Amino acid sequence: MPDLPTPQDSAEAARFAECWDAVLSYADLCTSGSTSATQLATEAFSLGMREARAAEAAPTRGAGRRPARLPRIPLLLTAVRTTAEEWETQGHGHRLDPELRLWLNSDKAARYSGPPLRRPLALRGLRDLQAADAELLWLAEVEALPLSAVARRLGLDPATVPDELTQVRGLFRDRCHRNHLDTPMDAQCRSYARLLDAVTRSPAADTPDDLSRHLARCVECAEAAACLRLHGGGLPAALAGGVIGWGGLAYLERRRRAAEVRLGAGRPGPADGDGPPNPGAHKARVVRNGLLVAAVLVSLLALAVSMMPGADTDGGASPSGSADSRPVAADPSPSVSPTDASSTSSPRPSGQAGTSETSEGAKNPGTTPQGTATSEATGDDPSASPTCRVSYDLVNQWPDGFQATVTITTEHALDSWTVGWSFHDGQRVGQMWDASFTQKGPRITATAAGYNKKVPADGTLSLGFLASWQGKNAPAYGFTLNGEKCAKA
C-alpha cells in the first residue's frame with residue numbers, strides 16, 4: 001500500500017489491509033486514471049482514518065448511548081467522496097470522472113451535506129445501528145463476503161451469524177421506517193407512508209397502482225421503499241446507493257466480482273445460483289466437439305494421401321526424398337483457409353465432411369489467432385458453431401436509466417478481449433466497470449481492464465454498466481468477442 005497512516009496495533013494493521021482494497025476500488029471509479037485513483041484513495045484513507053480515530057476516542061453522551069457514526073469501510077468511502085469534492089473545489093476536477101463532476105455540482109450531491117433529515121434514508125438508518133450491527137450488515141450485503149468470512153472478521157460464531165444478520169436487517173428496516181416518518185414531506189407523501197410500510201413488509205403483497213405511480217415520481221419515497229423492502233434482493237443496492245452516492249451500484253458490482261475472485265470462483269455459476277449445469281448446453285458442446293474431431297481426422301487423411309509416393313506425379317515429381325515435402329506446401333487442400341473454403345468449390349476430402357458445419361469445424365485452431373474473427377462463425381446461422389455465447393441481463397431500471405450486465409463464455413483461451421454490441425433505441429452508456437468503453441452512435445466497444453484480460457478456455461468474462469434510455473429500452477444485440485459474433489446463451 002502507499003504511505004498511509006501508521007497502524008496503532010496489529011489488529012488495526014489487518015483492518016487497514018482489508019479497507020484499502022475497498023477504498024482503492026471506489027477511487028478508481030471516481031477518477032480518470034490509475035495514478036489519480038491511487039492519490040485520491042491515499043488522501044481519502046488518511047482523512048477517513050483520522051475521523052474514525054476521533055470518533056472512537058470521543059466520550060459517550062450517556063449510559064448506553066454512542067455518537068452516531070458509520071462502520072469503517074463506508075466511512076472511508078464517504079471520505080473518498082469528500083476528497084473528490086475538495087479536488088473539484090481546488091481546481092483538480094479534470095482528474096475526476098466527468099460524470100462524477102456533474103454529480104458533485106448537482107442537488108443530488110448537496111443532499112449528503114445538507115440538513116440531516118434530508119439526507120438519504122439508508123445513510124441515516126445505517127448510522128443509527130450499533131457499530132457491530134452496522135458492520136455485519138455492510139460486510140454481508142455490500143462487500144458480498146460469505147457469512148463464514150464475516151464471522152471471522154467480527155469474531156462471531158459462524159453458526160449464529162445467519163440469524164443475527166436476519167435480526168440486523170429487521171433493525172435496519174425499523175430505523176429506516178422511523179426516519180422516513182421523521183422526514184419533512186408533503187401531504188401526498190405522508191398519506192402513502194403507512195401504505196408503503198404495509199406493502200413492503202410482505203413479499204406477497206401487491207403494490208397498488210396509485211402507490212406505484214407515486215413511487216415512479218417521488219425520489220424520497222422510492223428510496224424509502226428500497227430500504228423497507230427486505231425481500232427481493234434490493235437491499236444491497238439501497239445501501240450502496242444511499243451511503244456512497246455516485247457510483248454506488250458500480251461499486252457494488254465490483255465488490256461482488258472481487259469476492260468471487262478471492263473465493264477462487266473464477267467464473268460465475270449457473271443463473272439460478274446452485275442449480276446443476278444446463279444439460280442442453282452440455283449436449284451442444286459435445287456435438288460441436290465431435291464435429292471438430294471428425295474434421296481434423298478428415299484433414300489428417302487428406303494430408304496423408306498428399307504425402308504418399310506418386311501423389312504429385314502430375315506436377316513433375318523429383319526423387320521421393322524431397323518430393324514428400326513439396327506437395328504438402330504446394331497443395332492447398334489440407335490447409336484451405338476459411339475464406340477459400342467459402343468462395344470456391346474444392347473436391348478435397350475435407351470438403352466432403354459436411355456443408356456449413358464443415359467450413360466452421362474444419363478450421364485448424366493452430367492457424368487462426370484465438371479470439372479473432374472468422375467469416376463463418378456468425379452465431380446467426382443455426383448450422384454454425386459459434387465459439388462464444390453471451391447473456392445480457394437487465395439488473396435494474398428506473399424512469400430514465402438502467403443497469404445491465406454482459407456475461408460471455410468463450411471456448412478459446414484469450415490473452416485480451418474486446419466486446420462489442422449495439423442498441424436499438426438510442427441508449428447511452430454513462431459508466432462501466434470491469435472494462436473501459438467507447439460509444440459511436442448505437443455501437444458500444446468495451447475493452448478489458450488490466451486485471452481481467454486473460455480468460456481461460458471455456459472461461460467466462462463479464463462487465464456491467466449504467467446507461468440512460470428514453471421511450472423504449474430494448475435489449476442489446478449484435479454481440480461480438482474480438483470481432484467474432486456470439487450466440488445467445
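Under my numbering, think of the first position of the sequence shown as 1, with each following residue one higher.
C-beta: ideal position from N, C-alpha, C; glycine also.
These figures come from a predicted structure and were not determined experimentally.
If I follow the unbroken alpha helix (DSSP H) through residue i, where does it start and stop?
i: Asn-396; result: Looking at the DSSP string, Asn-396 is not in any alpha helix (DSSP H); the run it does join, the beta strand (DSSP E), is 388–398.
i: Gln-188; result: 187–201
i: Val-80; result: 72–89
i: Gln-427; result: Element bounds for Gln-427: n/a, residue is neither H nor E.
i: Arg-101; result: 98–104
i: Ser-212; result: 209–217
i: Gly-170; result: 161–182
i: Arg-443; result: It is not in any alpha helix (DSSP H) - Arg-443 instead sits in the beta strand (DSSP E) that spans 443–448.
i: Pro-236; result: 235–244
i: Gly-247; result: Neither: Gly-247 is in no alpha helix (DSSP H) and is coded neither H nor E.
i: Thr-38; result: 34–57
i: Asp-157; result: Note, Asp-157: premise wrong, no alpha helix (DSSP H); not H, not E.
i: Ala-140; result: 131–141
i: Arg-124; result: 121–128
Counting C-beta neighbours from all protein chains within 10 Å, is the total for residue i 16 or more, i.e. buried, or is it exposed?
i: Trp-398; result: exposed
i: Lys-488; result: exposed
i: Thr-409; result: buried
i: Lys-485; result: buried
i: Pro-162; result: exposed
i: Val-23; result: buried
i: Pro-71; result: buried
i: Asp-186; result: exposed
i: Ser-113; result: exposed
i: Gln-470; result: exposed
i: Gln-427; result: buried
i: Glu-223; result: buried
i: His-177; result: buried
i: Leu-104; result: buried
i: Thr-83; result: buried
i: Asn-396; result: exposed
i: Val-261; result: exposed
i: Leu-394; result: exposed
i: Gln-403; result: buried
i: Glu-135; result: buried
i: Ser-325; result: Because the pLDDT at Ser-325 is just 39, under 50, the model does not fix this residue reliably, and the point stays unresolved.
i: Arg-127; result: buried
i: Pro-386; result: buried
i: His-180; result: buried
i: Arg-175; result: buried
Ignore the nearest five residues each way along the sequence and tell me which others in residue i's own chain have a CB closer than 7 Å to its CB.
i: Asp-133; result: Val-168 and Leu-171
i: Arg-229; result: Thr-200
i: Leu-145; result: Leu-139 and Ala-259
i: Val-142; result: Pro-236, Leu-239, Ala-240, Leu-252 and Arg-255
i: Val-429; result: Phe-437, Gln-439, Ile-444, Phe-465 and Ala-467
i: Leu-481; result: Gly-371, Cys-388, Ile-408, Thr-410, Trp-417 and Val-419
i: Arg-15; result: Arg-72
i: Ala-413; result: Gln-370, Val-455, Pro-456 and Ala-457
i: Asp-210; result: none
i: Asp-415; result: Lys-453 and Lys-454
i: Leu-117; result: Asp-182, Thr-183 and Pro-184
i: Ala-52; result: Arg-72 and Leu-75
Using a Cβ-Cβ cutoff of less than 8 Å, which residues in the same chain neighbour residue i once the five nearest sequence positions on both sides are dropped?
i: Asp-21; result: Ala-258
i: Leu-147; result: Ala-140, Pro-158, Val-161, Pro-162 and Leu-165
i: Arg-119; result: Arg-111 and Tyr-112
Excluding the five sequence neighbours on either side, which residues of its own chain have a C-beta within less than 6 Å of the C-beta of residue i, listed in chain order?
i: Ala-250; result: Leu-29, Gln-431 and Trp-433
i: Ala-79; result: Ala-44, Leu-47 and Gly-48
i: Glu-18; result: none
i: Gln-130; result: none
i: Lys-472; result: Asp-425
i: Leu-123; result: Gly-242 and Val-243
i: Ser-391; result: Thr-407 and Ala-489
i: Gly-234; result: Ala-226
Note the first and the last residue of the continuous beta strand (DSSP E) segment covering residue i.
i: Val-419; result: 418–422
i: Gly-464; result: 459–468
i: Gly-401; result: 401–410
i: Lys-440; result: 435–440
i: Leu-481; result: 477–481
Is residue i near the ligand COA, in the sense that its beta carbon is under 7 Å from a heavy atom of that ligand?
i: Leu-165; result: This structure does not include the ligand COA; it has no bound ligands of any sort.
Next on the checklist: If contact is defined by three or more beta carbon pairs under 8 Å, each pair taking one atom from either stretch, is the segment 408–424 in contact with the segment 474–482?
Outcome noted: yes
Checklist entry - Can at least three beta-carbon pairs, one atom from the segment 150–157 and one from the segment 194–211, be found at a separation below 8 Å? => result no
Checklist entry - When the Cβ atoms of the segment 96–112 are set against those of the segment 31–41, are three or more pairs found closer than 8 Å? => result yes
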